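**Q**
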Amino acid sequence: MWRADAPPSMSDRTMSTLHILWDESHIWGLLVWRAAEALGLPYRLVKGEEIAHGLLSCNPPALLVVPGGTARLKAEALGTAGIAAIRDYVAAGGHYLGFCGGAGLGLSGQHGLGLCPWSRASFSDRMQHFVSGHIHAATRTGHPLVPDAFDRTVTASPTSVAAAPASDDTPLLPIWWPGRFAPEKDGEVEILASYTVPGPDFWVADLPLDTLPPGTFAEWEALYGIHLRPTFLEGQPCILHGHHGKGTYTLSYSHLETPGSPAANGWLTHLVEHLSSGRIRAAAHEVPAWDLDALPVQWDDPALLRARALFDDIVTIGINHCLFFRRNAWLIGWRAGIPGANLNNLHAAICTAVSMKPSQAATAYWAAQRETFMRDLTLFHQGVTGYLLAERLAMTLSKTFPETVSRQSLKEQRTALFGPPMASGGLYLRLLDTLDTLVFLGLSQQEGSTARQ
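full-length UniProt numbering puts the sequence shown at residues 1 to 453.
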């Protein structure tokens, strides 16, 4: 029986909104933000520091969404207090939805929240991580978190992984350089989807599968002993669901927020509506294509426009010299070994910055950072241009004069600009941190955000 002096339950206090954890998400955070806008979902962009200071307990959201990115860096941004706060939020009845790096953050082990008893699997071959594009998935039938439209697909049991042949009935789900789950026998973990076979836009590193003649991978394996065919994905779990205390976690290595991916977008809206117990209803069910180059200018600041022009120039140089290519409207592809992921983060951020209406907070922040940022960007543009052209020269001379441009020299140039491998640093990190804060301050005040309320 309810008493006047009893504290309200979490369900009584839950907001009809979703919170999106911004820290260390970059282009993947932008995709989730844009999906929330396009689908008409009420949201708030939040930082790990806010969570560490009690945001989830004071105003618990209907759903906490954690975009892709590096799980280790997300854990560092949350800190011990933030990690404990998310665990407490879910244990008290909250719901956690993580994509890719956000899925990895929800796992057990180092840099994990421990919501799911499974951990992240290691790769026997680093090339196994370099897969991207759409892939067919077998889904579990009869589960409330799986859309009815997928019920004709092959059933995956709750505790095992099912492989299935692709057909028109199996949904195509996008993955962008995913990690892998390490299944454990203990723990009640439900597999909602598992991988089957690649779709038409699937790539391994910088190799598009649909352009390779049949038998190419088998021939390479016989001649060179290298295994590039993505059969290692078949039967591997893609989306998990389970309970932690009174709440739930849903972990997806598929980026369901990907623009122009109808099956994935429909599943995202289905998850949001069901996990929020109907508190949140989507106004649409598909995220339209996102053409970064066609975004209109709404912040007509000369320095920002100059910054975008410099980034566009870097992209153009890379494309002209066969180091970059247009993967789709929002993603620049890159040759193996080139720091393309870093440049995508910067390019997406600057394109978003000039296309957003400047908030008072963003304007003040940019005024304080403009001079330093533009000085760093000028040096970065010069350095990256020289580095990319050196990579192109090394490609040209690799057969006839392979030692003219040493690999060590290229590595040192890259490290000076972007930081060491598997980490970030140099001018890149300074520029990214500034743009990340600038975009956060601007988007927090956008139309769909509940930050003002």
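Ideal Cβ positions, reconstructed from N, Cα and C, are used throughout, including at glycine.
All of these numbers come straight from a predicted model, not from anything done at the bench.
Would you mind reading off the limits of the beta strand (DSSP E) that contains Glu190?
**A** Element bounds for Glu190: Val189 to Pro198.
**Q** Go to Arg140, then tell me how far its alpha helix (DSSP H) extends in each direction, as first and last residue.
**A** Here Arg140 belongs to no alpha helix (DSSP H), and DSSP marks it neither H nor E.
**Q** Can the beta-carbon of Leu438 be found closer than 9 Å to that of Ala349?
**A** A contact, by the Cβ cut-off of 9 Å.
**Q** Using the Cα positions of Gly215 and Pro208, report the straight-line distance between them to the nearest angstrom.
**A** Distance between the alpha carbons of Gly215 and Pro208: 14 Å.
**Q** For Glu24, is the classification buried or exposed, using 16 other Cβ atoms within 10 angstroms of its Cβ as the cut-off for buried?
**A** Flag for Glu24 reads buried.
**Q** Quick one: grab the DSSP three-state call for Arg306.
**A** Correct three-state label for Arg306: helix.
**Q** Using the Cβ count rule (16 or more neighbours within 10 Å means buried), how would you classify Ser132?
**A** Burial call: buried.
**Q** Give the straight-line distance between the Cα atoms of Trp299 and Met356, rounded to the nearest whole angstrom.
**A** Taking the straight line joining both Cα atoms gives about 6 Å.
**Q** Give a yes or no on contact between the stretch 15-22 and the stretch 278-289, applying the rule of three or more CB pairs nearer than 8 Å.
**A** These segments touch.
**Q** Could you give the DSSP three-state label for Trp334: helix, strand or coil?
**A** Three-state DSSP puts Trp334 in a strand.
**Q** Leaving out the 5 sequence neighbours to the left and right, which residues in its chain are closer than 6 Å to Gly333 when beta-carbon positions are compared?
**A** Cβ within range, chain order: Phe325 and Arg327.
**Q** Classify Ala52 as buried or exposed, calling it buried when 16 or more other Cβ atoms lie within 10 Å of its own Cβ.
**A** So Ala52 counts as buried.
**Q** Under a Cβ-count criterion, where at least 16 other Cβ atoms within 10 Å of its own Cβ denotes burial, should Glu257 be classed as buried or exposed?
**A** The residue is buried, with at least 16 neighbouring Cβ atoms inside 10 Å.
**Q** To test your reading of the DSSP string, which unbroken alpha helix (DSSP H) runs of 4 or more residues are found completely within the stretch 191-257?
**A** Qualifying alpha helix (DSSP H) stretches, in chain order: 216-224.
**Q** Tell me whether Phe401 is buried or exposed, calling it buried when 16 or more other Cβ atoms sit within 10 Å of its Cβ.
**A** It is exposed - the Cβ of Phe401 has fewer than 16 other Cβ atoms within 10 Å.
**Q** Identify every residue that forms a DSSP beta bridge with Leu64.
**A** For Leu64, which the question treats as bridged, DSSP gives the partners His19 and Tyr96.
**Q** Please confirm if the stretch 133-142 is in contact with the stretch 90-109, defined as three or more CB-CB distances below 8 Å between the two stretches.
**A** Cβ pair count under 8 Å is below three, so no.
**Q** Measure the CB-CB distance between Ser254 and Ala85 and report whether it falls below 9 Å.
**A** It is not a contact, given that the beta carbons lie outside the stated cut-off.
**Q** Just verifying my parser: in three-state terms, what is the DSSP assignment at Phe440?
**A** Residue state, collapsed to three classes: helix.
**Q** The beta strand (DSSP E) that contains Arg326, what's its start and end?
**A** Run containing Arg326: Phe324 to Arg326, per the beta strand (DSSP E) assignment.
**Q** Hey, could you find the ends of the alpha helix (DSSP H) Trp176 is sitting in?
**A** Counting along the chain, Trp176 falls outside any alpha helix (DSSP H), though it belongs to the beta strand (DSSP E) covering Leu172 to Trp176.
**Q** Between the Cα of Thr269 and the Cα atoms of Leu145, Glu412 and Ala71, which residue gives the shortest distance?
**A** Nearest option by C-alpha distance: Leu145.
**Q** Taking all protein chains shown into account, do 16 or more other C-beta atoms lie within 10 angstroms of the C-beta of Tyr224, making it buried, or fewer, making it exposed?
**A** Tyr224 comes out exposed.
**Q** Taking the alpha carbon of Leu343 as the reference point, which residue from Ser119, Leu295, Gly419 and Asn59 has its own alpha carbon closest?
**A** Considering only alpha carbons, the answer is Gly419.
**Q** Under the three-state reduction of DSSP, which class applies to Phe401: helix, strand or coil?
**A** Coil.
**Q** Pull up the DSSP beta-bridge partners for Ser119, would you.
**A** Answer is Ala182, bridged to Ser119.
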